[in-house]
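Take a look at the structure below.
2 protein chains.
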Amino acid sequence: MSRFLSNESAALEPYTPGEQPQNIPYNKLNTNESPFPPSPKVLKAISRAELLKMNLYSDPTCAALCAAVAKRNDLKPEQVIAGNGSDELLSFAFRAFCGEGKGCAYANITYGFYKVWAQFYHLDAKVIPLREDFSLNVDDYMDFPGTIFIANPNAPTGMTVPISDIQRLLEANRDRVVVVDEAYVDFGAESCIPLLYRYDNLLILQTFSKSRNLAGARIGFALGSAELIADLNRVKYSFNPYNVNRLSIVAGAAAMADEPYFQKCTSQIEKNRAWTVRELTALGFTVLPSQANFILAKSDRIPGGALYEKLKENGILVRHFDAPARIADFCRISIGSMEQMEALIDEVTKLLEEL
Amino acid sequence: MSRFLSNESAALEPYTPGEQPQNIPYNKLNTNESPFPPSPKVLKAISRAELLKMNLYSDPTCAALCAAVAKRNDLKPEQVIAGNGSDELLSFAFRAFCGEGKGCAYANITYGFYKVWAQFYHLDAKVIPLREDFSLNVDDYMDFPGTIFIANPNAPTGMTVPISDIQRLLEANRDRVVVVDEAYVDFGAESCIPLLYRYDNLLILQTFSKSRNLAGARIGFALGSAELIADLNRVKYSFNPYNVNRLSIVAGAAAMADEPYFQKCTSQIEKNRAWTVRELTALGFTVLPSQANFILAKSDRIPGGALYEKLKENGILVRHFDAPARIADFCRISIGSMEQMEALIDEVTKLLEEL
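So this is what it looks like as structure tokens:
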């Protein structure tokens with residue numbers, strides 16, 4: 040920290056992303072990436088002709104990408120905004136829909152970045168604990184007057200809130216925005232997108248990083264009424280108008296149009312998840328009921344931190360969270376290919392035998 | 040604007056980027072892009088193997104890219120941070136080095152986004168007019184206690200401040216950060232980089248969008264002491280850690296390593312600029328003395344707005360700024376290939392003859 044840093048920035052508590060070792064051949068199950076390469080259509084779309092145009096700015100409206108997202112979801116293009124990952128758009132949503140006298144509410148436990156953005160924008164935050172079983176009780180949010188952020192499926196639990204519960208929140212106060220972060224929705228959970236036709240106070244975030252095999256392209260998108268999306272564009276044009284690069288616009292549009300590949304990849308992850316849950320359960324693990332491309336699991340025989348360390352020593356990266364204390368016993372394990380999951384189970388079996 | 044927008048966000052006055060018509064064959068001289076394709080080494084670096092890894096997150100530290108930038112400039116990698124365009128890093132600099140009781144100062148006229156970021160972060164801004172001849176008098180900034188932002192060369196004038204003047208600012212108050220935005224430095228101006236060895240209160244911004252032919256890849260970088268760069272990383276990790284995508288990291292590192300191509304492209308732009316200035320001057324234009332890849336020019340015979348419109352009707356895009364009033368008579372013209380500049384001069388000649 041330099042002597043030049045503003046007090047406000049000195050007070051920030053930055054997010055800690057999962058480890059991203061470069062060029063080290065880990066079995067990488069720690070940041071919920073897809074184990075499958077991008078769609079062949081993406082590879083084709085990033086043509087030599089596109090590369091030769093990289094001297095020109097990208098389209099700040101990301102029209103081709105937003106059109107592809109709108110078409111897939113039966114929405115109008117003006118109901119879509121694209122971002123440099125859904126993280127950027129979440130940040131914009133905190134900026135657009137919260138402020139003085141308009142705080143934010145989110146769960147403890149949920150995506151750890153919500154807390155960081157609330158701090159980044161100096162917002163009052165109401166942090167509402169999950170139930171003992173890690174489920175989210177929407178009634179706890181019913182009277183909150185500010186903007187509500189719900190990850191559904193939740194991270195790092197993978198557990199879902201029923202759509203009917205989200206609808207009750209939307210109904211309860213039509214002058215309040217409910218932001219539903221659906222980064223992990225495509226692995227068997229139910230999306231709130233159909234509710235967009237009835238509620239103009241609903242904002243949905245999705246990403247190309249998980250189910251579209253493009254974490255490295257950094258593309259997220261938000262869906263909502265044209266007015267909500269215009270608000271987010273207002274923030275975007277006050278921060279960084281050219282926020283998505285040329286190749287990611289092309290890649291994203293191609294990925295969104297390849298429905299069969301998307302279905303094939305996501306259903307394979309669901310199968311691999313079911314297999315992994317069965318195997319871990321057989322090994323005595325408690326596994327929370329996940330609809331995401333990761334699971335949160337614990338064993339009574341080895342603490343979460345120790346399991347993380349042992350696996351890392353043996354070439355397998357998973358994620359362990361020291362805080363909050365309620366999940367310190369768990370590890371979050373991304374669902375990779377069958378080969379990756381078999382290697383994990385083999386290693387866990389061996390570790391438990393050695394205890 | 041929806042009924043949900045926060046008062047703070049409603050008060051924003053977003054930046055208006057230059058027009059980016061998609062798939063319309065304009066002679067595009069309006070957003071200071073390079074007319075040349077990326078280095079052949081960039082095309083090679085974006086290999087099939089790299090594309091197949093787009094399912095994995097990019098390196099949040101952008102180590103390969105920062106190493107290439109550091110090597111080129113004889114700095115340590117920890118003195119470099121990469122961003123999603125230099126716009127993102129400028130925004131981070133406003134956040135890191137300004138705040139309550141620590142305002143920002145910048146010129147009127149300069150890059151129009153400084154005003155927007157000051158507003159985005161609710162900062163006190165001291166706006167200091169340029170001299171009548173559009174030169175910047177650093178003595179006007181000498182006693183300012185907050186953070187100083189200077190575009191050098193300036194936009195949209197293309198005019199430079201001598202490095203010795205920047206040094207005087209750095210000397211005058213060692214507890215104040217001077218941010219020098221060198222987006223346009225590579226076309227004949229002098230960089231402040233050598234001053235980094237002596238001043239830990241200097242932050243320099245550069246970009247791949249102009250002299251490295253990669254506007255569409257969205258890559259900027261900042262250079263400073265390891266402590267200043269750590270401060271910017273603190274902000275980055277509180278906003279969007281994975282801010283540069285995989286292919287841009289690879290493309291940027293390759294572009295930075297191709298010094299001969301860089302030299303060839305930038306010196307060609309300098310030649311084309313000299314030619315264009317001579318031709319416009321011969322046509323009676325006043326052209327400000329630019330060291331950038333654009334020029335600000337006016338004719339007594341046709342107002343700036345009318346020239347912009349006439350050129351656009353005839354397939355040539357330049358940029359006209361309504362405000363501030365002092366430059367409303369001018370058009371900003373990017374320096375493209377000789378073919379593009381010849382087409383511009385032909386059209387301007389024709390337009391003037393028709394008046």
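Heads up: the sequence lines are chains A and C, in that order. 40 is the number of the first residue of the first sequence in this note's numbering; add one for each residue after it. 40 is the number of the first residue of the second sequence in this note's numbering; add one for each residue after it. Positions of the beta carbon are idealized from the N, C-alpha and C atoms, including for glycine. None of these values were measured; they are calculated from a predicted model.
For a Cβ distance threshold of 7 angstroms, nothing in chain A lies close to C/L208: the least Cβ distance comes to about 14 angstroms. Residue burial is scored here from C-beta neighbours: C/S130 has at least 16 other C-beta atoms within 10 angstroms and is therefore classed as buried. A/N252 counts as buried, since no fewer than 16 other beta carbons sit within 10 angstroms of its beta carbon. Among the residues of chain C, those whose CB is under 9 angstroms from the CB of A/P56 are Y96, P99, Y276, P280, Y281, following chain order. By a beta-carbon distance limit of 8 angstroms, C/L244 does not contact A/S41. Their separation comes to about 17 angstroms. Near chain C, meaning a CB-to-CB distance below 8 angstroms, the residues of the segment 80 to 94 of chain A are V81, L82, I85, R87, L90, L91, K92, M93, N94.
Per DSSP, reduced to three states, the secondary structure at A/T305 is helical.
As DSSP reads the structure, C/D220 sits in a beta bridge with C/A190, C/L244. Residues of chain C whose Cβ lies closer than 8 angstroms to the Cβ of A/A269 are, in chain order, M40, S41. Only those residues of the segment 223 to 257 of chain A whose C-beta falls short of 7 angstroms from the nearest C-beta of chain C are listed: N240, N252, L253, A254, G255, A256, R257. Fully enclosed alpha helix (DSSP H) runs of no fewer than 4 residues occupy 285 to 296 of the segment 269 to 304 of chain A, in order along the chain.
Taking C/Y145 as reference, the option from C/L44, C/V177, C/Q379 with the minimal CA-CA separation is C/V177. The continuous alpha helix (DSSP H) containing C/V108 extends over residues 102 to 112. Between the alpha carbons of A/P328 and A/W314 lies a gap of roughly 13 angstroms. Residue nearest to C/N193 within the set C/E229, C/Q206, C/L209 is C/E229 (criterion: CA-CA distance).
Around the beta carbon of C/Y54, 16 or more other beta carbons sit within 10 angstroms, so the residue counts as buried. Proximity to C/C304 across C/V274, C/K249, C/N62 peaks at C/K249, based on C-alpha coordinates. Chain C has no Cβ within less than 8 angstroms of the Cβ of A/D172. Relative to C/M380, the option among C/G291, C/R317, C/E348, C/G57 whose CA is nearest is C/R317. Shortest Cα-Cα distance from A/A292 to any of A/Q302, A/F260, A/L319, A/A269 involves A/F260. Contact between A/I334 and A/R312 holds, with the beta-carbon distance rounding to 7 angstroms and staying under 8 angstroms. Considering only beta carbons, the part of the segment 116 to 127 of chain A lying closer than 7 angstroms to chain C consists of N123, G124, D126, E127, in chain order. According to DSSP, C/K165 shares a beta bridge with C/A144. Within the segment 132 to 156 of chain A, those residues whose Cβ lies closer than 7 angstroms to any Cβ of chain C are, in chain order, R134, A135, F136, C137, G138, E139, K141, V155. Counting C-beta pairs closer than 8 angstroms gives three or more between the segment 184 to 204 of chain A and the segment 147 to 165 of chain A, which meets the contact rule. C/G197 sits in coil when the DSSP states are folded into three classes, being neither helix nor strand.
Within the segment 341 to 385 of chain A, the runs of alpha helix (DSSP H) that reach at least 4 residues and sit entirely inside it are, in chain order, 343 to 352. By the criterion of a C-beta distance shorter than 6 angstroms, C/Y150 is surrounded in its chain by A190, A194, once the five residues flanking it on both sides are discounted. A check of alpha carbon separations from A/I258 across C/Y153, C/A50, C/N123 identifies C/N123 as the nearest. One thing to note: C/C143 has its Cβ within 8 angstroms of the Cβ of C/F133. Listed as beta-bridge partners of C/S338 by DSSP are C/I341. For A/S306, the nearest beta carbon of chain C is not closer than 8 angstroms to its own beta carbon. Shortest Cα-Cα distance from C/K389 to any of C/F360, C/I366, C/R365, C/N353 involves C/N353. Under the DSSP assignment, C/F260 falls in the beta strand (DSSP E) whose first and last residues are 259 to 262. The C-alpha of A/L234 lies about 15 angstroms from the C-alpha of A/V224. In this structure C/E89 is in contact with C/R285, their Cβ atoms being roughly 7 angstroms apart against a cut-off of 8 angstroms.
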